[in-house]
DNA sequence: TAATTGTTCTTCGTATACACTTTGTCCGGA
DNA sequence: TCCGGACAAAGTGTATACGAAGAACAATTA
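Chains as they are written, first to last, in my numbering: chain A, 1 to 226; chain B, 227 to 452.
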């Protein structure tokens with residue numbers, strides 16, 4: 001009850017535009033709306049059961065985030081990530097996640113490390129169960145958690161946005177990420193626990209290299225993105 | 227004329243919401259709207275002479291960009307960058323601009339280098355004239371130009387946004403940036419021209435270190451940002 | 001003084017209207 | 001058949017109005 005009150009003080013009723021934005025993002029990432037597809041305001045409004053205003057506001061933010069492109073007087077279309085984009089995104093992610101790993105190593109508390117280890121355990125378990133969806137989800141959670149531990153809000157929000165886009169491109173390409181090499185993750189968490197920034201950074205870079213290599217293999221088959 | 231036609235094909239009549247967004251950004255960066263200041267939709271609509279709709283859309287984007295904070299059912303207030311933010315921003319900028327310098331070194335054409343040198347010359351000249359505003363402007367242009375040369379749109383847009391925020395914090399703090407050490411810039415451009423990625427990266431890092439040191443000195447006096 | 005109530009301001013969402021562009025279609029003429 | 005222009009349809013861009021609900025502040029009451 002006390003928690004309810006505290007929540008109510010600030011807010012709790014998240015605006016429709018935010019719900020629309022979230023729904024739009026996931027719809028695009030999941031491929032429900034394909035690149036190049038036209039997104040008229042009326043259509044989105046109908047799809048989400050709201051009026052045009054919340055839709056418009058969500059669209060502007062989605063544009064700023066790079067999920068849609070808005071052509072003046074023509075409306076919005078889902079953005080079309082090109083193969084060049086993958087290289088570019090990984091180049092930036094490399095730097096950012098290396099920094100995040102370093103900061104996390106320098107700042108992680110025992111509780112932080114424990115939470116990372118817990119994710120690692122769940123990941124191993126899910127891998128054994130061959131629950132690929134869960135594995136991918138845990139992978140995301142782990143990376144996001146490290147960003148959070150880094151304690152740099154800018155880093156966190158930028159990398160998070162990049163991460164979403166990478167996921168998007170992945171889904172467009174191959175069905176699902178390959179079975180993750182949790183060994184790399186363990187290396188990374190070990191390094192963070194050690195408090196050795198250099199080592200953490202190296203571990204992050206190694207992991208990213210492997211991930212980007214996998215990305216290219218996946219991309220080979222090709223996303224039908226024109 | 228051919229250019230006019232090409233422009234007309236796509237568009238030319240940039241929407242009110244974009245004009246409002248641009249005006250809002252500069253108003254915040256210039257300190258016309260101070261951190262913590264309340265920005266009601268009606269007030270902004272009146273200030274810019276438009277209806278509430280374009281204002282709302284501009285506000286959402288400004289929120290996504292971190293210039294304003296929107297409290298549910300309370301409205302928007304200008305964001306309040308704290309001293310921690312400066313450290314965080316520079317940590318990210320360091321990585322990003324180092325990457326940009328490396329990419330620029332690897333990809334710069336002769337024409338690119340020439341345009342950088344031209345900016346350098348103008349900068350030196352403006353410094354001699356003690357035209358500080360122009361110096362600051364040329365400094366911005368130079369950095370943005372390097373980002374553009376890097377050819378990585380993600381890097382470019384992220385770093386650009388960070389750059390805007392840094393400027394904002396600067397203006398809040400001290401009146402104007404100290405007379406720039408163009409020597410560092412020359413080092414950087416030399417390194418880019420040489421095509422040596424490592425060297426360019428080092429030069430960028432050196433420059434950022436100096437800039438962040440200067441930032442702290444300036445910040446010492448204190449931005450009255452509560 | 002402290003708690004409660006009421007008032008006011010403002011956001012949030014909806015609905016509507018209309019000008020203006022872009023696009024697509026149709027039709028007549030060469 | 002092919003071309004060109006008139007015409008209609010679709011959709012964005014902007015403005016405006018209105019009701020509901022939350023938050024802040026003032027006034028009132030115990």
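Glycine included, each C-beta is placed from N, C-alpha and C at the ideal position. Since the structure is predicted, the reported quantities are computational estimates derived from the model, not experimental observations.
Below-8 Å beta-carbon distance, residue 139 of chain A vs any chain B residue: no
Residue environment, residue 198 of chain A, which counts as buried when at least 16 other CB atoms sit within 10 Å: exposed
Residues, ordered as in the chain, of the stretch 408-419 of chain B that lie near chain A by beta-carbon distance below 7 Å: none
Local Cβ density within 10 Å of residue 259 of chain B, reported as buried at 16 or more and exposed below that: buried
For residue 210 of chain A and residue 261 of chain B, the rounded distance between their alpha carbons: 43 Å
Delimiting residues of the alpha helix (DSSP H) encompassing residue 310 of chain B: 309-333
Status (buried if at least 16 other CB within 10 Å, exposed otherwise) for residue 228 of chain A: Nothing can be reported for residue 228 of chain A: it is not among the residues displayed for chain A, which extend from 1 to 226.
Element boundaries [alpha helix (DSSP H), containing residue 71 of chain A]: That residue, residue 71 of chain A, is in no alpha helix (DSSP H); its beta strand (DSSP E) goes 68-71.
Integer-rounded CB distance, given that residue 441 of chain B should sit under 8 Å from residue 254 of chain B: Their Cβ separation, rounded to whole angstroms, is 19 Å, which puts residue 254 of chain B and residue 441 of chain B out of contact at 8 Å.
Simplified DSSP state of residue 245 of chain B, which is helix, strand or coil: helix
The stretch 18-36 of chain A: positions lying closer than 8 Å to chain B by Cβ: none
Residues of the stretch 358-386 of chain B whose Cβ lies closer than 7 Å to any Cβ of chain A, in chain order: 378, 379, 380, 381, 384
Short CB-CB distance (under 8 Å) between residue 307 of chain B and chain A: no
CB contact flag (residue 152 of chain A, residue 318 of chain B, <8 Å): yes
Residues of the stretch 95-111 of chain A whose Cβ lies closer than 9 Å to any Cβ of chain B, in chain order: 95, 96, 98, 99, 103
Helix, strand or coil at residue 75 of chain A [DSSP, three-state]: strand
Environment of residue 123 of chain A [buried if 16+ CB atoms lie within 10 Å]: buried
For residue 279 of chain B, the first and last residue of its enclosing alpha helix (DSSP H): 278-290
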